[in-house]
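There are 4 protein chains.
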Amino acid sequence: MKKGTGPIKKEKESTIFDAALKTIKRKGFHKARMSDIAKEAEISYGLVYHYFKNKEDLFDAILNRWWNGLFQLMADISEREHDVYKKLRHIIDYFLDTYQSNPDLVNIFITEISRSTTNLTVSRLEHFKKFISLTEGVILEGQDIGILRRDFKARYLTNIFLGSLETFVSTMVFADQKITGNSQKNKIADSILEVFFNGSKIQGK
Amino acid sequence: MKKGTGPIKKEKESTIFDAALKTIKRKGFHKARMSDIAKEAEISYGLVYHYFKNKEDLFDAILNRWWNGLFQLMADISEREHDVYKKLRHIIDYFLDTYQSNPDLVNIFITEISRSTTNLTVSRLEHFKKFISLTEGVILEGQDIGILRRDFKARYLTNIFLGSLETFVSTMVFADQKITGNSQKNKIADSILEVFFNGSKIQGK
Amino acid sequence: MKKGTGPIKKEKESTIFDAALKTIKRKGFHKARMSDIAKEAEISYGLVYHYFKNKEDLFDAILNRWWNGLFQLMADISEREHDVYKKLRHIIDYFLDTYQSNPDLVNIFITEISRSTTNLTVSRLEHFKKFISLTEGVILEGQDIGILRRDFKARYLTNIFLGSLETFVSTMVFADQKITGNSQKNKIADSILEVFFNGSKIQGK
Amino acid sequence: MKKGTGPIKKEKESTIFDAALKTIKRKGFHKARMSDIAKEAEISYGLVYHYFKNKEDLFDAILNRWWNGLFQLMADISEREHDVYKKLRHIIDYFLDTYQSNPDLVNIFITEISRSTTNLTVSRLEHFKKFISLTEGVILEGQDIGILRRDFKARYLTNIFLGSLETFVSTMVFADQKITGNSQKNKIADSILEVFFNGSKIQGK
DNA sequence: TATGAATGAGGGTTCATTCAT
DNA sequence: AATGAATGAACCCTCATTCAT
Numbered sequence: 425m426k427k428g429t430g431p432i433k434k435e436k437e438s439t440i441f442d443a444a445l446k447t448i449k450r451k452g453f454h455k456a457r458m459s460d461i462a463k464e465a466e467i468s469y470g471l472v473y474h475y476f477k478n479k480e481d482l483f484d485a486i487l488n489r490w491w492n493g494l495f496q497l498m499a500d501i502s503e504r505e506h507d508v509y510k511k512l513r514h515i516i517d518y519f520l521d522t523y524q525s526n527p528d529l530v531n532i533f534i535t536e537i538s539r540s541t542t543n544l545t546v547s548r549l550e551h552f553k554k555f556i557s558l559t560e561g562v563i564l565e566g567q568d569i570g571i572l573r574r575d576f577k578a579r580y581l582t583n584i585f586l587g588s589l590e591t592f593v594s595t596m597v598f599a600d601q602k603i604t605g606n607s608q609k610n611k612i613a614d615s616i617l618e619v620f621f622n623g624s625k626i627q628g629k
Numbered sequence: 425m426k427k428g429t430g431p432i433k434k435e436k437e438s439t440i441f442d443a444a445l446k447t448i449k450r451k452g453f454h455k456a457r458m459s460d461i462a463k464e465a466e467i468s469y470g471l472v473y474h475y476f477k478n479k480e481d482l483f484d485a486i487l488n489r490w491w492n493g494l495f496q497l498m499a500d501i502s503e504r505e506h507d508v509y510k511k512l513r514h515i516i517d518y519f520l521d522t523y524q525s526n527p528d529l530v531n532i533f534i535t536e537i538s539r540s541t542t543n544l545t546v547s548r549l550e551h552f553k554k555f556i557s558l559t560e561g562v563i564l565e566g567q568d569i570g571i572l573r574r575d576f577k578a579r580y581l582t583n584i585f586l587g588s589l590e591t592f593v594s595t596m597v598f599a600d601q602k603i604t605g606n607s608q609k610n611k612i613a614d615s616i617l618e619v620f621f622n623g624s625k626i627q628g629k
Numbered sequence: 425m426k427k428g429t430g431p432i433k434k435e436k437e438s439t440i441f442d443a444a445l446k447t448i449k450r451k452g453f454h455k456a457r458m459s460d461i462a463k464e465a466e467i468s469y470g471l472v473y474h475y476f477k478n479k480e481d482l483f484d485a486i487l488n489r490w491w492n493g494l495f496q497l498m499a500d501i502s503e504r505e506h507d508v509y510k511k512l513r514h515i516i517d518y519f520l521d522t523y524q525s526n527p528d529l530v531n532i533f534i535t536e537i538s539r540s541t542t543n544l545t546v547s548r549l550e551h552f553k554k555f556i557s558l559t560e561g562v563i564l565e566g567q568d569i570g571i572l573r574r575d576f577k578a579r580y581l582t583n584i585f586l587g588s589l590e591t592f593v594s595t596m597v598f599a600d601q602k603i604t605g606n607s608q609k610n611k612i613a614d615s616i617l618e619v620f621f622n623g624s625k626i627q628g629k
Numbered sequence: 425m426k427k428g429t430g431p432i433k434k435e436k437e438s439t440i441f442d443a444a445l446k447t448i449k450r451k452g453f454h455k456a457r458m459s460d461i462a463k464e465a466e467i468s469y470g471l472v473y474h475y476f477k478n479k480e481d482l483f484d485a486i487l488n489r490w491w492n493g494l495f496q497l498m499a500d501i502s503e504r505e506h507d508v509y510k511k512l513r514h515i516i517d518y519f520l521d522t523y524q525s526n527p528d529l530v531n532i533f534i535t536e537i538s539r540s541t542t543n544l545t546v547s548r549l550e551h552f553k554k555f556i557s558l559t560e561g562v563i564l565e566g567q568d569i570g571i572l573r574r575d576f577k578a579r580y581l582t583n584i585f586l587g588s589l590e591t592f593v594s595t596m597v598f599a600d601q602k603i604t605g606n607s608q609k610n611k612i613a614d615s616i617l618e619v620f621f622n623g624s625k626i627q628g629k
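Residue numbers (my numbering), protein chains in the order written: chain A, 425 to 629; chain B, 425 to 629; chain C, 425 to 629; chain D, 425 to 629.
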């Protein structure tokens, strides 16, 4: 009779979600069978379809978890943070924080979406483009303010920035490397920004 | 067992190879059917099995084309080139030159291998690790010589370098962007190195 | 076992029954899901199983509605009506009246039972045979009395009669054609009998 | 190398076709599994998909066998036969002849198509409408010539005619009754026409 | 009564691979 | 060398039915 028993439903849905995360991370989207996911969640596989329309839908739910968080952050940044350096730092933090709290999610983002055309649908591509555009906005702002060089197009610097970040995260993902604490996280973030801003050349040379 | 024997055999094998390249690029490895490849090559699909043991074998042949060329280059660099800056420049050139002459090959490397765990087997991972190690060797040399900062681990700078490169190439791959001539290629290569060495901050600031 | 017990039970049961009628008419028995029926009835699908043992049972309930009415009529005819022409007219009326009051029921009879072996079980077939036999009895009576030609077997004339009737009704069912009033209904009934008699009546009489 | 080895391919395709005919007749389209059909044909079920795109395609192939024959006949009639009575007789013959040579085909037409909305697609309905239209053309011709009464619409007489025919055939189909020879076939055909004409013929003529 | 979560058998379809010719 | 018929393991998804609450 009660409709607002949300948490109970959410609980099982969450179990399936996590099982999907784990399974897709382990086998990849294509090779992850619905029955694998069900087995991982310790439920019958029919139940998966009770909560998710189909495999694609389950996959999109995972991606949305990632994108919703990221776009929320981008909105927050846009409103509250006025320092370009810190804005970029927040973006990095989102990747690293999520990797700390939910490494499987980051793994899937990197391996199944970030560089794979196979699973790319039009709507998924849109998320990507939107994120790149938003980041480019930050970079442009940096060029306007005068803290980023203007002899390269903003899109180009955006590629460098996101490429460094992604490569870093990828490395951790592939090596199954954990971030053990905030100090390590900060060090990584600082490093990425340091090289992005100042380059790898020995200073002064 | 040898693949590169007679020229007569090679001809048809080459046709299949190119068809596979084109098809896998278009549909991704998983969704590319053997029959699609055969159709692209305008042969019966049974014949593919005369030249390649199975689908995995065909895929590995493609990857080997990439890795063999790259490792050949790394060996050449190691022997003949002594300028670290130029060494890195050669690595970039390999990506860009191959992208010019065989964009499908680069596409597949980027989308199916570079960031996809799905198709990653142990032996394929080995190639990757080896390449990163070799690059790290170059970076280390730069640190030793004193043209690269030592306050970051070599592996870290390697990530930045390869990340920038990969991101650049990815962008071109996804946008289906062509490199029209050597001057454009040089400009791209210069840019990557410039930012890697000097950063994105306005100089002097 | 009894279906038609309490009026309280009946109410909800009736709602489900009507929903089933509507749904099966729209989608066919096979494609009508229990959940479709429940949704149509605006109840949970689990409840359907309180009133009907299973899907087949629900279907049989529908068929029984049809057959019970028809056999009731045949019994009435047998007892009270002595004019063969009018007897046949009563049979036609049952089809047309039911079509007026409950077009879905007639639709289901025509499409799912009358000509479909798919849903035919032994017990369902028995109903059919019984009805044909009873009709044949009327035809035989007509032959005995001398108003129907005897050069064709009664079963044969029965086929013609029921075939005309069924074809007529089918046409209306498929065209979703409504019977707007008694005058139209009478016209249709007259027509069917007119052609049947002027074809099957002893010539010259 | 040879492409025109038609018969060999046709042979197996024909086997599958016949197995489908038999299986669908026995279990109905919906309940006939592809594996049933394959088992009946004594082949692996994968092979069915070599010859037919999917289950619907296989079903359509069966229906086309029926419709192509019938429309061929209608075209022949239109060109060569000028006697309305004989035209109708040819139509009846098509049903009876096909029933003799291929009773399963007629069975499927009757049970799965003629009165079942379940399997009715738009294109399938078109075939039906076309056939009825063509028959109506013959009836109209009969009314024009003056051998069929004009106090009923042509479409109405068409319904009666086709209804009688269909009911007759249905009866045989359901009873699994065989037509043993031409004399029996002729008797049936004569009977249908006799009743149809003596009912629909202009009175007194 | 009433709900809808949970189960799992069933069935359509795909496609890598084998093999007779 | 070459063809494409033949096989069957996989895998997604549906939905009738059961059952705890």
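Where a beta carbon is used, it is the ideal one built from N, C-alpha and C, also for glycine.
Contact list for Thr-559 (chain A) against chain B, beta-carbon separation under 8 Å: Against chain B, a Cβ distance below 8 Å from Thr-559 (chain A) picks out nothing, because the smallest value is about 12 Å.
For Gly-570 (chain B), the first and last residue of its enclosing alpha helix (DSSP H): In the DSSP annotation of this structure, Gly-570 (chain B) is not part of any alpha helix (DSSP H), being labelled neither H nor E.
Any chain C beta carbon closer than 8 Å to Leu-586 (chain D): Taking Cβ atoms only, chain C reaches closer than 8 Å to Leu-586 (chain D), which makes this a yes.
Per DSSP, the bridge partner or partners of Lys-625 (chain B): DSSP output for Lys-625 (chain B) lists A:Leu-572 as bridge partner(s).
Lys-449 (chain A): CB within 7 Å of a non-hydrogen atom of the ligand MN: Looking for the ligand MN in the displayed structure turns up nothing, as the structure carries no ligands at all.
Segments assigned alpha helix (DSSP H), at least 4 residues, entirely inside the segment 576-603 of chain C: Whole alpha helix (DSSP H) segments, 4+ residues: 578-599.
Three-state secondary structure (DSSP) of Arg-489 (chain C): Of the three classes helix, strand and coil, the one that applies to Arg-489 (chain C) here is helix, per DSSP.
Beta-carbon neighbours of Leu-529 (chain A), restricted to chain B and to distances below 8 Å: Those within 8 Å of Leu-529 (chain A) in chain B number zero; the least Cβ separation is about 14 Å.
Environment of Ala-465 (chain C) [buried if 16+ CB atoms lie within 10 Å]: Its Cβ being crowded by 16 or more others within 10 Å, Ala-465 (chain C) is buried.
Assumed close pair Thr-535 (chain B), Thr-535 (chain A) - CB separation to whole angstroms, cut-off 8 Å: About 11 Å separates the two Cβ atoms, so there is no contact after all.
Spatial neighbours of Ala-444 (chain C) in its chain, beta-carbon cut-off 6 Å, leaving aside the 5 residues before and after: Sequence-distant partners of Ala-444 (chain C) (beyond 5 residues in either direction) whose C-beta falls short of 6 Å from its own C-beta, in its chain, are Ile-461 and Leu-482.
C-beta neighbour in chain D for Asn-583 (chain C), strict 8 Å: Chain D contact via Cβ: present.
Alpha carbon of Asn-478 (chain B) to alpha carbon of Val-472 (chain B), nearest angstrom: Whole-angstrom Cα-Cα distance: 8 Å.
Pairwise C-alpha distance: Asp-600 (chain B) and Phe-453 (chain A): Their Cα atoms are separated by approximately 25 Å.
Straight-line gap, Asp-575 (chain C) to Phe-592 (chain D) (C-alpha atoms, nearest Å): Note on geometry: alpha-carbon atoms of Asp-575 (chain C) and Phe-592 (chain D) lie some 17 Å from one another.
Leu-544 (chain B), enclosing alpha helix (DSSP H) - first and last residue: Neither: Leu-544 (chain B) is in no alpha helix (DSSP H) and is coded neither H nor E.
Ile-626 (chain B) versus Gly-570 (chain A) - alpha carbon distance: Counting only the Cα atoms, Gly-570 (chain A) lies some 7 Å from Ile-626 (chain B).
Neighbour list for Phe-592 (chain A) in chain B, Cβ cutoff strictly below 9 Å: Under the 9 Å cutoff, chain B gives Tyr-580, Asn-583, Ile-584 and Gly-587.
Expected contact under 8 Å - CB spacing of Leu-589 (chain D) and Phe-519 (chain D) to nearest Å: Going by Cβ atoms, the distance from Leu-589 (chain D) to Phe-519 (chain D) rounds to 6 Å, so yes, they are a contact pair.
Contacting residues, own chain, Cβ-Cβ under 7 Å from Gly-561 (chain B) (five flanking each side not counted): Excluding sequence positions up to five before and after Gly-561 (chain B), its CB lies less than 7 Å from no other CB in the same chain.
Under 8 Å between C-beta atoms of Met-596 (chain C) and Tyr-509 (chain C): Contact check for Met-596 (chain C) against Tyr-509 (chain C) fails: the beta carbons are separated by 8 Å or more.
Test: Ile-626 (chain B) CB closer than 8 Å to a CB of chain A: With 8 Å as the cut-off, Ile-626 (chain B) counts as an interface residue toward chain A.
Uninterrupted beta strand (DSSP E) stretches inside the segment 450-535 of chain C (no shorter than 3 residues): Counting only unbroken stretches of 3 or more residues, no beta strand (DSSP E) element lies wholly within the segment 450-535 of chain C.
Cβ-Cβ separation, Trp-490 (chain B) to Leu-529 (chain B) (assumed contact under 8 Å), whole Å: Right, their Cβ atoms sit about 6 Å apart.
Beta-carbon separation (whole angstroms), Ala-613 (chain C) vs Arg-504 (chain C), contact threshold 8 Å: With a contact defined as Cβ atoms closer than 8 Å, Ala-613 (chain C) and Arg-504 (chain C) miss out at about 19 Å.
Amino acids of chain B, ordered along the chain, whose beta-carbon sits closer than 8 Å to that of Arg-573 (chain A): What Arg-573 (chain A) touches in chain B: Ser-624, Lys-625, Ile-626 and Gln-627.
CB contact flag (Ile-501 (chain A), Thr-559 (chain A), <8 Å): No, the Cβ-Cβ distance between Ile-501 (chain A) and Thr-559 (chain A) is not below 8 Å.
Asp-568 (chain A) to Ala-578 (chain A) span [Cα, whole Å]: Take the alpha-carbon of Asp-568 (chain A) and the one of Ala-578 (chain A): they are about 10 Å apart.
C-beta atoms of Gly-470 (chain B) and Phe-621 (chain A) nearer than 8 Å: Taking a C-beta distance under 8 Å as the contact criterion, Gly-470 (chain B) and Phe-621 (chain A) do not qualify as a contact pair.
Gly-605 (chain A), DSSP secondary structure in three states: In the three-state scheme derived from DSSP, where H, G and I count as helix and E and B as strand, Gly-605 (chain A) is classed as coil.
Beta-carbon neighbours of Phe-576 (chain D), restricted to chain C and to distances below 8 Å: Going along chain C in sequence order, the residues near Phe-576 (chain D) (Cβ under 8 Å) are Ser-615 and Val-619.
Nearest to Asp-507 (chain B) (by Cα), restricted to the options B:Ser-468, B:Glu-565, B:His-551 and B:Ile-467: That would be B:Glu-565, whose Cα lies nearest to the Cα of Asp-507 (chain B).
Beta-carbon proximity list for Leu-497 (chain A), same chain, < 8 Å, skipping 5 on both sides: Sequence-distant partners of Leu-497 (chain A) (beyond 5 residues in either direction) whose C-beta falls short of 8 Å from its own C-beta, in its chain, are His-514, Ile-515 and Tyr-518.
Closer than 8 Å to chain B by CB, His-551 (chain A): Cβ-Cβ to chain B under 8 Å: no for His-551 (chain A).
Min CB distance Lys-647 (chain B) to chain A below 8 Å: Coverage of chain B is limited to positions 425 through 629, which leaves residue 647 (chain B) absent and any answer about it impossible.
C-beta neighbour in chain C for Ser-525 (chain D), strict 8 Å: Taking a beta-carbon distance threshold of 8 Å, Ser-525 (chain D) does not count as an interface residue toward chain C.
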